[in-house]
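Down below is the structure, laid out as structure tokens.
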Amino acid sequence: KDYGINIYEERLLIDEGVRGMCELLGFDPMYVANEGKVVVVVADEDAEIVVKAMQKNKFGKDACIIGEVVTDHPGRAWLQTVIGGNRIIDMLAGEQLPRIC
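To convert, count from 1 in the sequence shown and add 1231; that's this note's numbering.
The structure is reproduced here in structure tokens:
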């Protein structure tokens, strides 16, 4: 069975400096390399247990649930934006180029 992913933008921990620099340069922070981050996919019933265990470690103190696995859009990752819209998160076909406006 195919599944999709919903990610909730308001739950993403993006440093304000990084967000500002991406905005200035025209980059999407969803596609910027980021060392020291991990995405863990676990069964729904285990999610809170895993997050609490991760938060006990200094490197996981900011661990949180940022999304969920769904069946309504198989094979796609969607970002639910802070303004309530949805955007498909596609893989980049090449290098991320600055937005020139």
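Backbone N, C-alpha and C define an ideal beta-carbon position, used for all residues, glycine too. Given the structure is predicted, the values throughout are model-derived calculations rather than measurements.
Within its chain, find whatever has a CB closer than 6 Å to the CB of residue i; leave out the 5 residues flanking it on each side and keep chain order.
{"i": "D1246", "result": "none"}
{"i": "Q1244", "result": "The displayed chain sequence assigns Leu, not Gln, to residue 1244. Same-chain partners within the cutoff: D1293."}
Please list, in chain order, all residues of the same chain as residue i whose beta carbon is under 8 Å from its beta carbon, the five residues on each side excluded.
{"i": "N1288", "result": "none"}
{"i": "A1278", "result": "I1296"}
Rounding to the nearest angstrom, what Cα-Cα distance links residue i and residue j in this structure?
{"i": "G1248", "j": "L1255", "result": "10 Å"}
{"i": "I1319", "j": "V1263", "result": "16 Å"}
{"i": "V1273", "j": "G1257", "result": "33 Å"}
{"i": "G1316", "j": "I1280", "result": "30 Å"}
Considering only residues of the same chain and omitting the five flanking positions on each side of residue i, which have a CB-CB separation below 7 Å?
{"i": "G1234", "result": "Note on residue identity: the sequence assigns Tyr, not Gly, to residue 1234. Result list for Y1234: V1300, V1301, T1302 and P1305, in chain order."}
{"i": "Q1286", "result": "K1292 and A1294"}
May I ask which residues mark the beginning and end of the alpha helix (DSSP H) holding residue i?
{"i": "G1235", "result": "Careful: G1235 lies outside any alpha helix (DSSP H), inside the beta strand (DSSP E) at G1235 to Y1239."}
Provide the residue span of the beta strand (DSSP E) that contains residue i, from first to last.
{"i": "L1310", "result": "A1308 to Q1311"}
- Task: Please list the segments of the alpha helix (DSSP H) lying wholly inside the segment 1269 to 1305, counting only runs of 4 or more residues, in order along the chain.
- Result: 1278 to 1286
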